[in-house]
Structures are given as structure tokens and as C-alpha cells.
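Asks: Before we start, here is the structure in question, set down as C-alpha cells.
In my numbering, the protein residues as written are 174 to 318.
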């Protein structure tokens, strides 16, 4: 009985540790000179299921609908931990705290519009198809000249 308890304890703590690990930040910036839209998803180190789901759906939206734009650098995706010191300037610029999703329109290399769509992300996260289709429309709108 004692052995079983020890085994279950080890399994429980191992799975808890694995779940809380930070898988690393992602930065896709292939050609800043032609970037038209920047997608920023800020998060903290310890995230809940909803926060992971937002990141997953952002990735699905971009890689399913805008793969060519990502590859060419027209769209830039940055997934950043707002608790890391190297991200402080962007965290301040975007007023990011916790989970924050922002879209930035770029014209001639300059940022002309920043949309904080965090409320959208949290309100639509429980319906993946709605989240993806509406985020797709928001990005398409920003890609227009």
C-alpha cells in the first residue's frame, strides 16, 4: 500500500511539473521591411488552460489561413512572456499584463494602428471555429491597404 502511494505521488508531481514548464517563446520575423501586420500574444510563465487555448487558436488561425504571409514576413507573430526582462519595453508599449492579444498595422515600416483584442480572445475562446474565423477577418482587414 505504501509503495502504491509513493508511485501515485511521484506520478502526480511529475505530471504537475511537466504541465507548468514554459515551452519557450516564439518569434517569427522573417522580413521586417515588408511586414504589414504584427500579432503579439503576451503571457505569463504560469498559464491556465484558457491562456494556452488562446495561443493555440492564434497559431491555428495564422498557420491555417496566413502561412504564406508568415513565411514571407508580411505577418509577424510574436509570442512573449511578459515576465521576462528582455520583453519589458514591449510589455509597457502594449500595456500587457497576463494574457494579452494585440494586432498592429504597419505601413511603410511604421506602426499606424494598435488593436488590443484581449477581450475578444477571452469572449470567443470557448468556440474555436468562431475565434478562428473572427480573428481571420480582423487580420484580413489590417492587411488591406
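We treat Cβ as the ideally placed atom computed from N, Cα and C, and that holds for glycine.
Are the Cβ atoms of residue 288 and residue 315 separated by less than 9 Å?
Replies: Yes, Cβ-Cβ distance for residue 288 and residue 315 is below 9 Å.
Asks: Quick one: what's got a C-beta closer than 6 Å to residue 199's C-beta in the same chain, skipping five residues either side?
Replies: 252.
Asks: Excluding five sequence neighbours on each side, which residues of the same chain lie with their C-beta closer than 6 Å to the C-beta of residue 286?
Replies: The answer, listed in chain order, is 278.
Asks: Using beta-carbon positions only, say whether residue 216 and residue 272 come within less than 9 Å of one another.
Replies: In contact: residue 216 and residue 272 (Cβ atoms closer than 9 Å).
Asks: Between the region 297-309 and the region 226-233, do three or more beta carbon pairs fall short of 8 Å?
Replies: Counting Cβ pairs under 8 Å, three or more are found: they touch.
Asks: From residue 248 to residue 212, what does the alpha carbon distance come to, in whole angstroms?
Replies: Answer to the nearest angstrom: the Cα atoms are 7 Å apart.
Asks: Beta strand (DSSP E) containing residue 288: first to last residue?
Replies: Start and end: 283-289.
Asks: Any idea what DSSP makes of residue 249, helix, strand or coil?
Replies: Note: residue 249 maps to strand in three-state DSSP.
Asks: Leaving out five residues on either side along the sequence, give the residues of the same chain with a beta carbon under 8 Å from the beta carbon of residue 246.
Replies: Taken in chain order, the residues that qualify are 202, 203, 204, 205, 206, 207, 208.
Asks: DSSP beta-bridge partners for residue 210?
Replies: For residue 210, which the question treats as bridged, DSSP gives the partners 248, 278.
Asks: Shortest alpha-carbon distance to residue 274 belongs to which of 302, 242, 255?
Replies: The option with the nearest alpha carbon to residue 274 is 255.
Asks: Return the CA-CA distance between residue 309 and residue 301, expressed in angstroms with no decimal places.
Replies: Rounded to the nearest angstrom, the two C-alpha atoms are 12 Å apart.
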